[in-house]
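Taken in sequence, the protein lines are chains A and B. In this text, residue positions in the first sequence follow our numbering: the first is 38, and each later residue adds one. In this text, residue positions in the second sequence follow our numbering: the first is 3, and each later residue adds one. We put the CB at the ideal spot given by N, CA and C, even for glycine.
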Amino acid sequence: MPTPEITPANIIRLTVLQGQFKVSAGPRVELSTVLGSCVTTCLYDPLAEVGGMNHFLLAEPPASHDPVDVDVHYGVYLMEMLINEILSHGARKERLRAHLYGGANIRVGMAPIGTANANFARGFLERERIELVRADLGGNSARRVDFRPASGLVRCRVVPSSDAPEVTPQPRAAAHRGEVELF
Amino acid sequence: MTRTTRVLTVDDSASMRALLKHALANNGFEVSQADDGVSALEWLATNEVDVVITDINMPRLDGFGLIEQVRGGTRHRDRPILVLTTESSDEKKARARAAGATGWIVKPFDTDKLVAAVRRVAH
Chain A
38 MPTPEITPAN IIRLTVLQGQ FKVSAGPRVE LSTVLGSCVT TCLYDPLAEV GGMNHFLLAE
98 PPASHDPVDV DVHYGVYLME MLINEILSHG ARKERLRAHL YGGANIRVGM APIGTANANF
158 ARGFLERERI ELVRADLGGN SARRVDFRPA SGLVRCRVVP SSDAPEVTPQ PRAAAHRGEV
218 ELF
Chain B
3 MTRTTRVLTV DDSASMRALL KHALANNGFE VSQADDGVSA LEWLATNEVD VVITDINMPR
63 LDGFGLIEQV RGGTRHRDRP ILVLTTESSD EKKARARAAG ATGWIVKPFD TDKLVAAVRR
123 VAH
């Protein structure tokens, strides 16, 4: 079936907020997010024409310049949620391609939480042997990322830092984390 | 003298396998790992184990299939099998229980809770 022409009038734009992920095979769908120190992973399978985007913050800004503590468990969980959802739409893990954006260190004098997020994301893709086709990480500017999950097309633009959402670590409900139910 | 508890973890994510190995080995367990249900069955054909921890969504043979095959076999049919998954639906949990799973643990896992569960089912 020929791909319908995508125009500003018929595009379906979905916003991905911090802590969220969205997956689609819709040829007219464009996933968008604005990031500061957070990182977005844009993952897609070019053969199955399906993909998805997440937007995560794994490290909380420490009060001092202490080394940033990345919540690796939470990061692996967020990545797995995105990958599983893409695979459930017919993608194959070995065909997945990735883009990474964000990880800026916007506020001078704060611990480099953007770098910590970016390093986690890069390391995760390496361990999972997912090809990283493009990355724009680090620096001190906010970014806006628009991703078409069915085609893998990405546009990343620098935007004023005031456009990036405040860094607000998600409550992770520690009491319920890893809940165990024995049958 | 008590013998070290042997745990087989089954997960297609190398990152998750690394987290599990670190958490379990640091708590005194002997850890072996497989990356999907087929690899797990191949390993189980020639090895002994006390507890199996398996993911659900995996290529080739998923966690449901693995549980069914272990329960339908002879060698390890009575071994405890804990499911460790991002899945949260009651339907999938019921399916795992019906297939013969011993317990259900949601990711991201908490090391203390995981270790306590493994010790409890391992006897």
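Q. For Ala187 (chain A) versus Pro64 (chain A), is the C-beta distance shorter than 8 Å?
A. One-based indexing of the first sequence puts residue 187 (chain A) at position 150. One-based indexing of the first sequence puts residue 64 (chain A) at position 27. Their beta carbons are under 8 Å apart, which means Ala187 (chain A) touches Pro64 (chain A) by this criterion.
Q. In this structure, does DSSP put Gly175 (chain A) in helix, strand or coil?
A. Here the question's residue 175 (chain A) lines up with position 138 in the first sequence. In the structure shown, Gly175 (chain A) sits in coil (DSSP, three-state: anything other than H, G, I, E or B).
Q) Cβ of Thr76 (chain B) within 7 Å of any heavy atom in the ligand COA? A) The model depicted lacks the ligand COA and carries no ligand whatsoever.
Q | the segment 76–107 of chain B: positions lying closer than 7 Å to chain A by Cβ | A | Thr88, Arg99, Ala103, Thr104, Gly105, Trp106, Ile107
Q.
Classify Leu43 (chain B): buried if its beta carbon has 16 or more other beta carbons within 10 angstroms, exposed otherwise.
A. Translated into positions along the second sequence, residue 43 (chain B) becomes position 41. So Leu43 (chain B) ends up on the buried side.
Q: Please compile the residues from chain A whose C-beta is within a distance smaller than 9 Å of the C-beta of Leu116 (chain B).
A: Taking the first residue of the second sequence as 1, we reach residue 116 (chain B) at position 114. Simply Gly215, Val217.
Q. Buried or exposed: which applies to Thr87 (chain B), given that a residue is buried once 16 or more other Cβ atoms fall within 10 Å of its Cβ?
A. Walking along the second sequence from the start, residue 87 (chain B) turns up at place 85. The residue in question, Thr87 (chain B), is buried, as its Cβ has 16 or more Cβ neighbours within 10 Å.
Q) Would a check of beta-carbon distances place Met90 (chain A) closer than 8 Å to chain B? A) Residue 90 (chain A) sits at position 53 when you count from the first residue of the first sequence. By this cut-off, Met90 (chain A) is not an interface position.
Q | Cβ-based burial, His222 (chain A) [other Cβ within 10 Å; buried from 16] | A | Past the boundaries of the shown model lies residue 222 (chain A); chain A is included only from 38 to 220, so the question cannot be answered.
Q) So Tyr138 (chain A) and Thr52 (chain A) are in contact, right, with Cβ under 8 Å, and what is the actual spacing, rounded? A) Along the first sequence, one-based indexing puts residue 138 (chain A) at 101. Along the first sequence, one-based indexing puts residue 52 (chain A) at 15. At roughly 15 Å, the Cβ-Cβ gap does not stay under 8 Å, so Tyr138 (chain A) and Thr52 (chain A) are not in contact.
Q: Going by CA-CA distance only, name the one from A:Val191, A:Ser198, A:Arg164, A:Ala158 that's closest to Asn177 (chain A).
A: Your numbering for residue 177 (chain A) matches position 140 in the first sequence. Here the closest residue by C-alpha is A:Ser198.
(Q) Taking the straight line between their C-alpha atoms, what separation do you get for Val71 (chain A) and Ala201 (chain A)? (A) Numbered from 1 along the first sequence, position 34 holds the residue referred to as residue 71 (chain A). Numbered from 1 along the first sequence, position 164 holds the residue referred to as residue 201 (chain A). Their Cα atoms are separated by approximately 6 Å.
Q) Which chain A residues are close to Val123 (chain B), counting only those with a beta carbon under 9 Å from its beta carbon? A) Position 121 of the second sequence, counted from the start, is the residue given in the question as residue 123 (chain B). In chain order: Leu219.
Q) Relative to the C-alpha of Leu133 (chain A), which residue among A:Leu174, A:Leu80, A:Glu122, A:Ala141 is closest? A) As a first step, residue 133 (chain A) is located in the first sequence; it is residue number 96 there, counting from the start. The residue with the shortest Cα to Cα distance from Leu133 (chain A) is A:Leu80.
Q. Can you give the Cα-Cα distance for Tyr111 (chain A) and Thr104 (chain B), rounded to whole angstroms?
A. Mapped onto the first sequence, residue 111 (chain A) falls at position 74. Mapped onto the second sequence, residue 104 (chain B) falls at position 102. Computed Cα separation, rounded: 25 Å.
Q: Can you check the segment 22–62 of chain B for any alpha helix (DSSP H) of at least 4 residues that lies completely inside it and give the ranges in chain order?
A: 39–46
Q: Taking C-beta pairs closer than 8 Å, name the residues in chain A that Phe66 (chain B) reaches, listed in chain order.
A: On the second sequence, position 64 is the one that residue 66 (chain B) refers to. Near Phe66 (chain B) there are no residues of chain A at all, since even the closest Cβ is about 14 Å away, more than 8 Å.
(Q) Give me the chain A residues within the contact set of Met26 (chain B), using Cβ-Cβ distance strictly less than 7 Å, ordered along the chain. (A) As a position in the second sequence, residue 26 (chain B) is number 24, starting the count at 1. The sequence as given places Leu at residue 26 (chain B); Met does not occur at that position. Residues of chain A passing the Cβ test: none, with the nearest at roughly 13 Å.
Q. Which first and last residues belong to the alpha helix (DSSP H) in which Glu165 (chain A) is found?
A. Taking the first residue of the first sequence as position 1, residue 165 (chain A) is located at position 128. Taken as a continuous stretch (DSSP letters only), the alpha helix (DSSP H) holding Glu165 (chain A) covers 150–165.
Q: Please confirm if Arg180 (chain A) has its CB atom under 8 Å from at least one CB of chain B.
A: By one-based count along the first sequence, residue 180 (chain A) stands at place 143. No, because no Cβ of chain B sits closer than 8 Å to the Cβ of Arg180 (chain A).
Q | Host alpha helix (DSSP H) of Val109 (chain A) (start-end) | A | By 1-based counting over the first sequence, the position of residue 109 (chain A) is 72. From DSSP, the alpha helix (DSSP H) with Val109 (chain A) extends over 109–124.
(Q) Using DSSP's beta-bridge definition, name the partner residues of Thr87 (chain B). (A) As a position in the second sequence, residue 87 (chain B) is number 85, starting the count at 1. Per DSSP, B:Val108.
Q | Candidates A:Gly56, A:Asn121, A:Arg144, A:Tyr114, of which the one nearest Val87 (chain A) by Cα | A | One-based indexing of the first sequence puts residue 87 (chain A) at position 50. Measuring from the Cα of Val87 (chain A), the nearest candidate turns out to be A:Asn121.
(Q) Let me make sure I understand the geometry here. Which of B:Ala98, B:Ile55, B:Asp92 has the alpha-carbon closest to that of Val33 (chain B)? (A) The residue labelled residue 33 (chain B) in the question sits at position 31 within the second sequence. Taking only the C-alpha atoms, the option nearest Val33 (chain B) is B:Ile55.
(Q) I'd like the span of the beta strand (DSSP E) that includes Lys95 (chain B), first residue to last. (A) One-based indexing of the second sequence puts residue 95 (chain B) at position 93. Premise fails: Lys95 (chain B) lies in the alpha helix (DSSP H), 92–101, not in any beta strand (DSSP E).
(Q) Let me confirm a value: Pro110 (chain B) is counted as buried when at least 16 other C-beta atoms fall within 10 Å, else exposed. Which label applies? (A) As a working note, residue 110 (chain B) is residue 108 in the second sequence. So Pro110 (chain B) counts as buried.
Q | For Phe1 (chain B), three-class secondary structure by DSSP | A | With chain B covering only 3 through 125, there is no way to say anything about residue 1 (chain B).
Q.
If you reduce the DSSP assignment to three classes, tell me which class Gly215 (chain A) lands in.
A. Indexing the first sequence from 1 puts residue 215 (chain A) at position 178. In this structure, Gly215 (chain A) counts as coil in the three-state DSSP scheme.
Q) Starting from Arg122 (chain B) and walking both ways along the alpha helix (DSSP H), at which residues does that stretch end? A) Within the second sequence, numbered from 1, the residue matching residue 122 (chain B) stands at position 120. It spans 113–124 - the alpha helix (DSSP H) in which Arg122 (chain B) sits, taken as one unbroken run.
(Q) Please report the distance separating the alpha-carbon of Ile48 (chain A) from that of Arg194 (chain A). (A) Working through the first sequence from its first residue, we reach residue 48 (chain A) at position 11. Working through the first sequence from its first residue, we reach residue 194 (chain A) at position 157. Rounded to whole angstroms, Ile48 (chain A) to Arg194 (chain A) spans 19 Å at the Cα level.
Q | Contacts around Pro82 (chain B), its chain only, beta-carbon distance under 6 Å, and the 5 residues preceding and following it disregarded | A | The sequence position of residue 82 (chain B) within the second sequence is 80, counting from 1. So the qualifying residues of the chain are Val53, Thr104, Val123.
Q) For Glu67 (chain A), does the count of other Cβ atoms within 10 angstroms reach 16, so buried, or fall short, so exposed? A) For this step, residue 67 (chain A) is matched to residue 30 along the first sequence. It is buried - the Cβ of Glu67 (chain A) has at least 16 other Cβ atoms within 10 Å.
Q.
Tell me the rounded alpha-carbon separation between Ala101 (chain B) and Ser91 (chain B).
A. The residue given as residue 101 (chain B) occupies position 99 in the second sequence. The residue given as residue 91 (chain B) occupies position 89 in the second sequence. In a straight line, the C-alpha of Ala101 (chain B) is about 16 Å away from that of Ser91 (chain B).
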